[in-house]
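Peer 1:
Residue numbers (my numbering), protein chains in the order written: chain Y, 329 to 464; chain X, 29 to 431.
1) Nearest by alpha-carbon distance to residue 375 of chain Y: which of Y:426, Y:335, Y:345 is it?
2) Please classify residue 150 of chain X as buried or exposed, where buried requires at least 16 other C-beta atoms within 10 Å of its C-beta.
3) What do you reckon, are the CB atoms on residue 108 of chain X and residue 87 of chain X nearer than 8 Å?
4) Hey, is residue 456 of chain Y's beta-carbon within less than 8 Å of any beta-carbon in chain X?
5) Taking the C-alpha atoms as reference points, what is the distance between residue 10 of chain X and residue 97 of chain X?
6) Of the residues X:329, X:175, X:307, X:191, which one's Cα is nearest the Cα of residue 264 of chain X?
7) Terminal residues of the continuous alpha helix (DSSP H) containing residue 355 of chain Y?
8) Quick one: measure Cβ to Cβ for residue 419 of chain Y and residue 442 of chain Y, integer angstroms, because I've assumed they're closer than 8 Å.
9) For my contact list, residue 75 of chain X and residue 381 of chain X are in at a C-beta cut-off of 8 Å; report their separation, rounded to the angstrom.
10) Report yes if the C-beta distance between residue 223 of chain X and residue 361 of chain X is below 8 Å; otherwise report no.
11) Can you tell me which of the three DSSP states residue 227 of chain X falls into?
12) Closest Cβ-Cβ distance between residue 379 of chain X and chain Y: below 8 Å?
13) Please list, in chain order, all residues of the same chain as residue 354 of chain X whose beta carbon is under 6 Å from its beta carbon, the five residues on each side excluded.
14) Identify, in the order they occur along the chain, each residue of the same chain with its Cβ nearer than 7 Å to the Cβ of residue 362 of chain Y, setting aside the five sequence neighbours on each side.
15) In angstroms with no decimal places, state the Cα-to-Cα distance between residue 19 of chain X and residue 288 of chain X.
16) Along chain Y, which residues have their Cβ under 9 Å away from the Cβ of residue 311 of chain X?
17) According to DSSP, is residue 88 of chain X part of a helix, a strand, or is it coil?
18) What residues are listed by DSSP as bridge partners for residue 330 of chain Y?
19) Where do the ends of the beta strand (DSSP E) carrying residue 361 of chain Y lie?
20) Measuring alpha carbon to alpha carbon, tell me which of Y:337, Y:407, Y:332, Y:414 ends up nearest residue 392 of chain Y.
21) Mind pulling the chain X residues with CB within less than 9 Å of residue 294 of chain Y?
22) Cα-Cα, which of X:336, X:391, X:92, X:163 is closest to residue 278 of chain X?
23) So with CB distances below 7 Å, who are the chain X contacts of residue 437 of chain Y?
24) I want to know whether the segment 51-71 of chain X touches the segment 156-174 of chain X - three or more CB-CB distances under 8 Å.
25) Bridge partners of residue 302 of chain X, per DSSP?
26) Below 7 Å on C-beta distance, what does residue 453 of chain Y contact in chain X?
27) Using beta carbons (cut-off 8 Å, strictly below), is residue 153 of chain X in contact with chain Y?
28) So is residue 164 of chain X buried or exposed if we call it buried at 16+ other beta carbons inside 10 Å?
29) Just to confirm the assignment: which complete alpha helix (DSSP H) runs, minimum length 4, are found wholly within the segment 259-339 of chain X?
30) Is any beta-carbon of chain Y found at less than 8 Å from that of residue 204 of chain X?
31) Provide the residue span of the alpha helix (DSSP H) that contains residue 363 of chain X, from first to last.
32) In the DSSP assignment, the beta strand (DSSP E) including residue 37 of chain X goes from what residue to what residue?
33) For a contact defined as C-beta to C-beta under 8 Å, what are the partners of residue 377 of chain Y on chain X?
34) Which chain Y residues are close to residue 279 of chain X, counting only those with a beta carbon under 9 Å from its beta carbon?
35) Please name the residue, chosen from X:146, X:205, X:128, X:35, that lies closest to residue 347 of chain X on a Cα-to-Cα basis.
36) Can you say whether residue 118 of chain X is buried or exposed, counting buried as having 16 or more other CB atoms within 10 angstroms of its CB?
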């Protein structure tokens, strides 16, 4: 069975210059879609990936990443809505490219589905009350 | 058959008034007809919650010992500029005021993280706010510097005084250019990527009394979670715009100037907001309780989203350059469905005004009226209606001769 999961990887300094994702796809049959990648001035790497493959390959791939000292967590833990700041205005809905933010009709309450979020961060500054928080 | 304000108030005081929200009134009139609805319903409540830039707060923080005169000097609240051109310890802070060091749009689009609106939210939330004053010193007000923390409960007075709130209808904003634009109508994606609108439609206060029959100077309102009052027509009040057969204006028309005691209000209904690339503004919760004096008011308050339209305006060119005309119109029913057509393209429509909060405010006001806490009142004076001929004039620039 195919699985499709969005994950956040944190690379330690000594792994930043190694082709880890290449091995992930070559040795563990996982397809990947890079949603975001960055290396800080301190040489710490951050990558947001969508991984696609069989459950068995996914588990093997994850184990390989852990062996490399790369920490991994589901993306949905990192994109949060501060509910007490959100006023359900809807300003975020028009600019969200993946429809992770949407209007529930007819109530017009703004819904948020972290599973559909690609962590593009367009909502962070578009939200007038700054209710959306991304912390990797 | 008609009712007077006094008759309605008698019922409210006895807890016998029949009160419904403007959303519920649509169903009441559809089911019972205008005549019966006018007999049975006494008050219809409305609500809106959205960004209203022309909002601000007057405050008096009491005299320091020795005395200091902020008037003519400089005063900031949490670093945000205030208007200090009043007496010694009166200040005004507007929603869009910023800190001197705010980078604004120097790196575009600016974040506008904190401004006057946020100071107002912090005060109403009971938080401490830093007040700094630089004064020139006089014999009677000798002190030249003050730096202290203040909070709402210790202020003598703090009242919102907002020159323009509760816009009756508004534009639908789109962007026909090739780049994303950052406006007070939110982020508008290039090539008609999205359409943003900002009225509560069928729940919106002035759309339920389109000719201002029951609203005028002195009208009691829900403002920011407390009780406030209409002081008169707001700035840019423009009652003469074209109207539909149901008298609902086809574009932004009437506005209200309002005031209310901040000490009664709540941060739930007054929120500091930051519009990327544009600035700060205050999101205000406002509601009107409309007395159903007769059949006409019953009919007006039963207006529904499909009977209210707004013009579609290009904010990349028409709005900034003041080019008249629009790209057509759409009903609030279409807008709320989530898709509208512009220039032959189907695009997502999203609100900037919170409909769930509008529902909450109309519901709360309904409870207040039903519980006898909130009476209706005849306006002390009317505000100019469609027959007034009053319009909203552009600025005519006159060349300045430099001597």
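Note that beta-carbon positions come from the ideal geometry of N, C-alpha and C, so glycine has one too.
Peer 2: Let me lay it out:
1) In the first chain, residue 375 of chain Y corresponds to position 47, counting from 1. Measuring from the Cα of residue 375 of chain Y, the nearest candidate turns out to be Y:335.
2) Here residue 150 of chain X is taken as the residue at index 122 of the second chain, counted from 1. So residue 150 of chain X ends up on the buried side.
3) Walking along the second chain from the start, residue 108 of chain X turns up at place 80. Walking along the second chain from the start, residue 87 of chain X turns up at place 59. No, these two residues do not count as a Cβ contact at 8 Å.
4) Here residue 456 of chain Y refers to the residue found at position 128 when the first chain is read from its first residue. So yes, residue 456 of chain Y belongs to the interface.
5) No statement about residue 10 of chain X is possible, as the shown extent of chain X runs from 29 to 431 and does not include it.
6) The count along the second chain starts at 1 and reaches residue 264 of chain X at position 236. Here the closest residue by C-alpha is X:191.
7) Counted from its first residue, the first chain places residue 355 of chain Y at position 27. Segment 348-356, the alpha helix (DSSP H) holding residue 355 of chain Y.
8) For the purposes of this step, residue 419 of chain Y is taken as residue 91 along the first chain, with counting starting at 1. For the purposes of this step, residue 442 of chain Y is taken as residue 114 along the first chain, with counting starting at 1. Contact doesn't hold; Cβ gap of about 19 Å is too wide.
9) What you label residue 75 of chain X is simply residue 47 of the second chain in a count that begins at 1. What you label residue 381 of chain X is simply residue 353 of the second chain in a count that begins at 1. Their Cβ separation, rounded to whole angstroms, is 10 Å, which puts residue 75 of chain X and residue 381 of chain X out of contact at 8 Å.
10) Position 195 of the second chain, counted from the start, is the residue given in the question as residue 223 of chain X. Position 333 of the second chain, counted from the start, is the residue given in the question as residue 361 of chain X. It is not a contact, given that the beta carbons lie outside the stated cut-off.
11) Looking up residue 227 of chain X in the second chain gives position 199. Correct three-state label for residue 227 of chain X: coil.
12) Within the second chain, residue 379 of chain X is the residue found at index 351, counting from 1. Residue 379 of chain X counts as touching chain Y.
13) In the second chain, residue 354 of chain X corresponds to position 326, counting from 1. Correct list, in chain order: 339, 340, 341.
14) Against the first chain, residue 362 of chain Y aligns to sequence position 34. Excluding positions up to five away in sequence, the list reads 375, 377.
15) Any question about residue 19 of chain X goes unanswered here, given that chain X covers just 29 to 431.
16) What you label residue 311 of chain X is simply residue 283 of the second chain in a count that begins at 1. Ordered by position in chain Y, the residues that pass the 9 Å Cβ test against residue 311 of chain X are 415, 417, 456, 457.
17) Here residue 88 of chain X refers to the residue found at position 60 when the second chain is read from its first residue. Three-state DSSP puts residue 88 of chain X in a strand.
18) Looking up residue 330 of chain Y in the first chain gives position 2. In DSSP, residue 330 of chain Y forms a bridge with Y:382.
19) Taking the first chain and counting its residues from 1, the one referred to as residue 361 of chain Y is at position 33. Looking at the DSSP string, the run of the beta strand (DSSP E) that includes residue 361 of chain Y is 359-367.
20) Counting from 1 along the first chain, the entry for residue 392 of chain Y is found at position 64. When only C-alpha atoms are compared, the closest one is Y:337.
21) Absent from the model: residue 294 of chain Y. The displayed extent of chain Y is 329 to 464, so no value can be given.
22) Here residue 278 of chain X refers to the residue found at position 250 when the second chain is read from its first residue. Taking only the C-alpha atoms, the option nearest residue 278 of chain X is X:336.
23) As a first step, residue 437 of chain Y must be located in the first chain, where it is residue number 109. Going along chain X in sequence order, the residues near residue 437 of chain Y (Cβ under 7 Å) are 384.
24) no
25) In the second chain, the residue the question calls residue 302 of chain X occupies position 274. Per DSSP, X:308.
26) Position 125 of the first chain, counted from the start, is the residue given in the question as residue 453 of chain Y. The answer, in chain order, is 139, 304.
27) Reading the second chain from its first residue, position 125 is the one you call residue 153 of chain X. Output row for residue 153 of chain X: interface = no.
28) Within the second chain, residue 164 of chain X is the residue found at index 136, counting from 1. Exposed: under 16 other Cβ atoms inside 10 Å.
29) 323-329
30) For the purposes of this step, residue 204 of chain X is taken as residue 176 along the second chain, with counting starting at 1. It does not; no Cβ of chain Y falls within 8 Å.
31) Position 335 of the second chain, counted from the start, is the residue given in the question as residue 363 of chain X. First-last of the alpha helix (DSSP H) with residue 363 of chain X: 360-365.
32) Within the second chain, numbered from 1, the residue matching residue 37 of chain X stands at position 9. First-last for residue 37 of chain X: 33-41, but that is the alpha helix (DSSP H), not the beta strand (DSSP E).
33) On the first chain, position 49 is the one that residue 377 of chain Y refers to. Result: empty, since nearest Cβ-Cβ is about 26 Å, beyond 8 Å.
34) Here residue 279 of chain X refers to the residue found at position 251 of the second chain. Per Cβ cutoff of 9 Å: no residues; residue 279 of chain X is ~21 Å from chain Y at best.
35) Locating residue 347 of chain X in the second chain gives position 319, counting from the first residue. For residue 347 of chain X, the nearest C-alpha among the options comes from X:205.
36) Residue 118 of chain X sits at position 90 when you count from the first residue of the second chain. Counting Cβ neighbours within 10 Å, residue 118 of chain X comes out buried, since at least 16 surround it.
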